[in-house]
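Taken in order, these protein sequences are the chains called S and D. The first sequence begins at 1 in the working numbering and counts up by one. The second sequence begins at 376 in the working numbering and counts up by one. Report on the following structure.
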Amino acid sequence: MFKLIKWELKNCFKYLSFSLMVFILIYIVMCETLLLVFSVKTSLYQNYGTLSTSAEITISETKKIKNCEYYDNKDMIFQIENIFLTTVFEENEYPYFDFENFENVSARENAYCGTSFYYNSGFKKFAEKNFQIDNLQNNSIIICNTFAERFNINIGSIVKLYTFNGETDYIVAGMFPVDIYNYSFIVNVENCNIDLDENCYFKIIFNNFDLYEDVNDYCKNTYGINYKSNDAFEKTYQTILGFEWTLIALFIVLVLFNFKIIKEMMDYFIDKRKNYIFINEALGMSQKNLILIYSNIFSVFFIIPLLLGYLLSLLFFDSLSNKFFSIFGCKLLLRNAWLPPIMLSLILICTFLYVFYKVLKHSKKNIYSVLRKNI
Amino acid sequence: MIELENITKKFFTNVALSGIDIVVPERQFLSITGESGSGKSTLLSIMSGLDIPTTGKVIINGKDLSDFTNKERAKFRQHEIGFIFQQFFLEPNYTVFQNIALPLLISKEKKDKVGEKVEKIARHVGLFNKLCCKAKTLSGGEMQRCCIARAFIQNPNIVFADEPCGNLDTKNGKTIMELLKNFHQQGNTVILVSHNPLEFQMAERIVTLKDGQIISDIFNK
């Protein structure tokens, strides 16, 4: 059977037109590019949080705040709805940090530094389970960009804090890797910054990709969020957008290529090879062996180059994307980027298997049509 | 031995064969003849197990073909039957060696025996010097000789030849018929479909079909 496969493969290469071979080659290169772009994009997405989006909430209608029933003491609770956070961190990946002189941190100047942070019960359970923290407080402190940079704190880091009254507390930097749908935070109104128009504004930090247009307080008052531009953030955001367009364009071209290749392969297997199928059937070849020959041809043409290319792209991917991220000073979370390309390649392979099934189905019909015609 | 019992074959409303009863003993050279559309090719495809009759039974060497699964049918064709077609059905990009060796590879013959058998039969049909040539470079007569070699390489009990000289000139046709006769004399059953009197009259027995029915069955002296 090996010999038959070898012969038929050679034959297949001779029959198929040069343009089709070039087409298939381009197709495979495109598939790999697609996977690579997808991988880089996913990784960028995963690393986006480390860039931190700095934003401001401007509350110009101070009266409104005061009229809010939930306004209690000097704290105001804001809520962002429908947040879905996907960043996943593992134990041991993020070390503990001790900060003894928190009050001396210059970043304290930013309003959000030292602002109370409210954990919901979902996160508390998650943190207790995953980080073995028993005494996680219900509220803690949001840390700011400069503070995080200074102490090299990554999103998700558990930070042990010595608070002003001498107690210790744990916080997790940034937003949390759990499915928190209604995310709340408390802002101390007295700590707000006053702008030139005497509006009170707070800086908040968003460490995940999504950009929120506004926040609500508990009285359903809506406050807009003004995002401050940041070079790294802008570049990454633009790159992600660029990648998205590239992905869309690649997908469209791939679909068109698919049509062409499927048509040529169908022509080859159904029309040009009908005599081969017929004579093999007449000489006593079982359908199983015919499938074996065809599946090998399909493997050689599509699946093997695709998988090989995929492995190669993964090898190159590491150095390529590290280089890319070094420009923005990001840390690469490669592991997170593996899954989508694997799924994508599985989808591609399934597509080819479907084509293969179609060809076989047609081949069987063809055997009978040749019979009718020629015998 | 091939036994056909009350064979009928219908293609939608068209009746291709009707009430065919025929017994072909071992080592017989039988030719089926008749006008175009008389059903001779359909009869051959049913006799060889390539097609299934609408009604009736095909019994070859005591085995009813209708009881066979597709796999068994394929296996049966592999070992018991050889085919020669008017259109050759050679693989143009395969060499003569590869074309002749095809049935051996399908039946998973041992590697060392393949070469030996192919060379032997190629000598017999006069294609030994052309073994490395591609099938597409052969002449019509050579192509048909290659087909004959492919059909007989497994030494099948029965060989079905469907208009084997239909695409050949008289001289090449005669050579092919001589080869068929030669193989028959070595103990093979040969069933030939032809409408050319020069060809079918070389057979021991001539069955004539008309409108899907046997109108004569004579033994040729």
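Each residue gets a CB set at the ideal place from its N, CA and C atoms; glycine is no exception.
query: When the distance is taken between beta carbons, is Cys521 (chain D) closer than 8 Å to Val565 (chain D)?
result: For this step, residue 565 (chain D) is matched to residue 190 along the second sequence. For this step, residue 521 (chain D) is matched to residue 146 along the second sequence. No, these two residues do not count as a Cβ contact at 8 Å.
field: Backbone secondary structure at Leu554 (chain D) - three-state DSSP
entry: Within the second sequence, residue 554 (chain D) is the residue found at index 179, counting from 1. Of the three classes helix, strand and coil, the one that applies to Leu554 (chain D) here is helix, per DSSP.
query: Hey, would you say Asp537 (chain D) sits closer than 8 Å to Gln461 (chain D), going by beta carbons?
result: Start at 1 with the first residue of the second sequence, and residue 537 (chain D) comes out as number 162. Start at 1 with the first residue of the second sequence, and residue 461 (chain D) comes out as number 86. The answer is yes: Cβ separation under 8 Å.
- prompt: CB-CB under 7 Å to Phe463 (chain D), same chain, minus the five flanking residues each way: which ones, in chain order?
  reply: In the second sequence, counting from the first residue as 1, residue 463 (chain D) sits at position 88. If we look at Phe463 (chain D) and ignore the five residues flanking it on each side, its Cβ neighbours are Met518, Gln519 and Cys522.
field: Closer than 8 Å to chain D by CB, Met285 (chain S)
entry: The residue you call residue 285 (chain S) lines up with position 285 of the first sequence. With 8 Å as the cut-off, Met285 (chain S) counts as an interface residue toward chain D.
field: Paired residues, beta bridge with Glu378 (chain D) - DSSP
entry: Numbered from 1 along the second sequence, position 3 holds the residue referred to as residue 378 (chain D). The partner list for Glu378 (chain D) (beta bridge, DSSP) reads D:Val398 and D:Ile434.
message: Using the three-state DSSP reduction, which class does Asp419 (chain D) fall into: helix, strand or coil?
response: By one-based count along the second sequence, residue 419 (chain D) stands at place 44. For the sequence presented, residue 419 (chain D) should be read as Leu rather than Asp. DSSP places Leu419 (chain D) in helix when its eight states are reduced to three.
Per-residue contacts from Pro478 (chain D) into chain S (C-beta, under 8 Å): Residue mapping note: residue 478 (chain D) aligns to position 103 of the second sequence, counting from 1. Residues of chain S with a Cβ closer than 8 Å to the Cβ of Pro478 (chain D) are, in chain order, Leu283 and Gly284.
message: So if DSSP puts Gln588 (chain D) in a beta bridge, which residue, or which two residues, is it bridged to?
response: Along the second sequence, one-based indexing puts residue 588 (chain D) at 213. In the DSSP output, where bridge partners are listed per residue, Gln588 (chain D) has D:Lys585.
- request: Verify the CB distance criterion: does Lys6 (chain S) have a CB-CB separation below 8 Å to chain D?
  value: The residue you call residue 6 (chain S) lines up with position 6 of the first sequence. The Cβ of Lys6 (chain S) sits no closer than 8 Å to any Cβ of chain D.
Paired residues, beta bridge with Phe404 (chain D) - DSSP: Walking along the second sequence from the start, residue 404 (chain D) turns up at place 29. Looking at the DSSP assignment, Phe404 (chain D) forms a beta bridge with D:Val565.
message: Taking the alpha carbon of Asn563 (chain D) as the reference point, which residue from D:Phe594, D:Ile589, D:Pro572 and D:Ala526 has its own alpha carbon closest?
response: The residue you call residue 563 (chain D) lines up with position 188 of the second sequence. Taking only the C-alpha atoms, the option nearest Asn563 (chain D) is D:Ala526.
message: Strictly below 7 Å CB to CB, what residues from chain S border Lys450 (chain D)?
response: If you number the second sequence from 1, residue 450 (chain D) lands on position 75. Simply Gly284.
Segment contact, 8 Å Cβ cut-off, at least three pairs: the segment 581–596 of chain D with the segment 397–413 of chain D: Touching, per the Cβ criterion.
Below-8 Å beta-carbon distance, Ile528 (chain D) vs any chain S residue: Here the question's residue 528 (chain D) lines up with position 153 in the second sequence. No, Ile528 (chain D) does not count as interfacial toward chain S.
Three-pair Cβ contact test at 8 Å for the segment 476–492 of chain D versus the segment 552–559 of chain D: no
Range of the contiguous beta strand (DSSP E) that encloses Ile459 (chain D): The count along the second sequence starts at 1 and reaches residue 459 (chain D) at position 84. That run of the beta strand (DSSP E) goes Ile456 to Phe460.
query: Just reading off the beta strand (DSSP E) that Asp487 (chain D) is part of, what are its end residues?
result: The residue given as residue 487 (chain D) occupies position 112 in the second sequence. Per DSSP, Asp487 (chain D) belongs to no beta strand (DSSP E); it is in the alpha helix (DSSP H), Lys486 to Val500.
query: When you check each C-beta in the segment 480–514 of chain D against every C-beta of chain S, which residues fall closer than 9 Å?
result: Considering only beta carbons, the part of the segment 480–514 of chain D lying closer than 9 Å to chain S consists of Leu480, Ile481, Ser482, Lys483, Lys486 and Val489, in chain order.
- request: Answer with buried or exposed for Tyr357 (chain S), where buried requires no fewer than 16 other C-beta atoms within 10 angstroms of its C-beta.
  value: What you label residue 357 (chain S) is simply residue 357 of the first sequence in a count that begins at 1. Answer is exposed; the Cβ neighbour count stays below 16.
- request: Using a Cβ cut-off of 7 Å, pull out every chain D residue sitting near Asn275 (chain S), in sequence order please.
  value: Locating residue 275 (chain S) in the first sequence gives position 275, counting from the first residue. In chain order: Phe464.
message: Check whether the segment 376–392 of chain D and the segment 424–443 of chain D are in contact - that is, three or more C-beta pairs closer than 8 Å.
response: yes
field: 8 Å Cβ cutoff, Ile293 (chain S) in contact with chain D
entry: Taking the first sequence and counting its residues from 1, one reaches residue 293 (chain S) at position 293. So no, Ile293 (chain S) is outside the interface.
Cutoff 8 Å: Phe458 (chain D) Cβ touching any chain S Cβ: For the purposes of this step, residue 458 (chain D) is taken as residue 83 along the second sequence, with counting starting at 1. So, interface residue.
query: Between Lys438 (chain D) and chain S, is there a C-beta pair that is closer than 8 Å?
result: To locate residue 438 (chain D), count along the second sequence from 1; it is residue 63. Not an interface residue.
Short CB-CB distance (under 8 Å) between Leu9 (chain S) and chain D: Position 9 of the first sequence holds residue 9 (chain S). No, Leu9 (chain S) lies away from the interface with chain D (no Cβ there is under 8 Å from its Cβ).
Terminal residues of the alpha helix (DSSP H) in which Ala524 (chain D) lies: Along the second sequence, one-based indexing puts residue 524 (chain D) at 149. Run containing Ala524 (chain D): Gly515 to Phe527, per the alpha helix (DSSP H) assignment.
- prompt: Taking the continuous alpha helix (DSSP H) assigned at Ile427 (chain D), which residues delimit it?
  reply: Indexing the second sequence from 1 puts residue 427 (chain D) at position 52. Looking at the DSSP string, Ile427 (chain D) is not in any alpha helix (DSSP H), and its letter there is neither H nor E.
query: When you compare each of D:Met422, D:Gln473 and D:Gln529 to Ile397 (chain D) by their alpha carbons, which one comes out closest?
result: In the second sequence, the residue the question calls residue 397 (chain D) occupies position 22. If we check each option's Cα against that of Ile397 (chain D), D:Met422 comes out closest.
field: Proximal chain D residues relative to Ile279 (chain S), where beta-carbon distance stays under 7 Å
entry: Here residue 279 (chain S) refers to the residue found at position 279 of the first sequence. Chain D residues near Ile279 (chain S): Phe464.
Within chain S, the residues that Gln560 (chain D) reaches when beta carbons sit closer than 8 Å: Numbered from 1 along the second sequence, position 185 holds the residue referred to as residue 560 (chain D). Result: empty, since nearest Cβ-Cβ is about 24 Å, beyond 8 Å.
message: Contact defined as beta carbons within less than 8 Å: I believe Arg452 (chain D) pairs with Gly284 (chain S). What is the distance between those atoms, to the nearest angstrom?
response: By 1-based counting over the second sequence, the position of residue 452 (chain D) is 77. By 1-based counting over the first sequence, the position of residue 284 (chain S) is 284. Correct: roughly 4 Å between the Cβ atoms.
- prompt: Comparing alpha-carbon positions, which option in S:Lys14, S:Leu4, S:Lys3 and S:Ser286 lies nearest Lys450 (chain D)?
  reply: If you number the second sequence from 1, residue 450 (chain D) lands on position 75. Of the listed residues, the one whose Cα sits closest to Lys450 (chain D) is S:Ser286.
query: What is the rounded straight-line gap between the Cα of Tyr294 (chain S) and the Cα of Tyr276 (chain S)?
result: For the purposes of this step, residue 294 (chain S) is identified with residue 294 of the first sequence, where counting begins at 1. For the purposes of this step, residue 276 (chain S) is identified with residue 276 of the first sequence, where counting begins at 1. Taking the straight line from one Cα to the other gives about 12 Å.
field: Interface flag, Lys14 (chain S) vs chain D, CB-CB below 8 Å
entry: Stepping through the first sequence from its first residue, residue 14 (chain S) is reached at position 14. Closer than 8 Å to some Cβ of chain D, the Cβ of Lys14 (chain S) qualifies, so yes.
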